[in-house]
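Structure first, then comments.
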Amino acid sequence: MQPSSVLLVLCVMVLMLLSVSVAAGSEVRTICWSGYTWWVKRSEEPVGPGPNWFSDSPHNVWVDRQGRLHLRITYRDGRWQCAEVVCDRSLGYGTYRFYVASPVANMDPHVVLGMFTWSDDPAYANRETDIEFATWGDGASPLNAQYVVQPATSERLHRFRMDRRIAESVHSFTWLPTSVSFLSVRGRRATPSSPSDVIQEWRFTGADIPLRGDENPRINLWLVGGKPPQDGKEVEVVLTRFEFIPAP
0 MQPSSVLLVL CVMVLMLLSV SVAAGSEVRT ICWSGYTWWV KRSEEPVGPG
50 PNWFSDSPHN VWVDRQGRLH LRITYRDGRW QCAEVVCDRS LGYGTYRFYV
100 ASPVANMDPH VVLGMFTWSD DPAYANRETD IEFATWGDGA SPLNAQYVVQ
150 PATSERLHRF RMDRRIAESV HSFTWLPTSV SFLSVRGRRA TPSSPSDVIQ
200 EWRFTGADIP LRGDENPRIN LWLVGGKPPQ DGKEVEVVLT RFEFIPAP
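Per numbering that gives the first Met the number 0, residue 0 is the first one in the sequence shown, and the count goes up by one each step.
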């Protein structure tokens, strides 16, 4: 059996077990995407980031027939509802890579796309490492993307401009005990075929690089301060794939 088939079978088995849990009274929705099981975040009140309402509705999070993940900010039931998925596994040191099929450098000024790790343990700033696309409410800002090894002090934050015309891109960070290296590439390939394909790269080697713990990868689409999109329109982002390559 091919590795991809094994992952698909495992995902189906996990979802079958979770469906039993839901039937027994649990209300957690999960999806299977890129060979991993992901919890879909839902809140009964505004919560961080934002704060925002987060919905686990198929209107906000779904996987299409091509295996692509869709995250959507919607206006339903009289409020804006955001989207987040959380991998159910802690992966540790290695390369976290996100394949994006949307022009994320050209989003509404109030919208943020985050691809990151997070732990509920507060040590090492929750072991949070971020790739984020946003102008943080300032549509005139030339800077629309950033890499962060939290906490977001000046030496741990790298902001940059991504060309708004880029429709597809691949973004990754490689987390090791002594460094975190970020790379963004235009197109569908993880490895740039020429230097011009590199959107941005940055390597952090400062103090307090997080030790591995119970962190897991997450992806969210949310609103700065919970404010509606300036153009009043719903927002959708598509990711074709997530992959993790363990450190040697």
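We put the CB at the ideal spot given by N, CA and C, even for glycine.
Note that the coordinates shown come from a computational prediction; the quantities given were computed from them, not determined experimentally.
Query, Result
"CA-to-CA distance, Tyr98 to Ser33, given in whole angstroms", "11 Å"
"Extent of the continuous beta strand (DSSP E) to which Tyr123 belongs", "Tyr123 -> not in any beta strand (DSSP E); alpha helix (DSSP H) instead, spanning 122–126."
"Alpha carbon of Ala246 to alpha carbon of Glu235, nearest angstrom", "32 Å"
"CB-CB length for Trp201 against Tyr123, believed under 8 Å", "About 19 Å; that fails the 8 Å criterion."
"Distance CB(Arg67)-CB(Thr190) smaller than 8 Å", "no"
"6 Å Cβ shell around Pro141 - same chain, five flanking residues per side excluded", "Arg160"
"Where the beta strand (DSSP E) containing Arg185 begins and where it ends", "178–185"
"Residue burial classification, Leu210 (beta-carbon count within 10 angstroms, cutoff 16)", "exposed"
"Residue range of the beta strand (DSSP E) that includes Gln80", "78–86"
"Simplified DSSP state of Asn59, which is helix, strand or coil", "coil"
"Environment of Glu83 [buried if 16+ CB atoms lie within 10 Å]", "buried"
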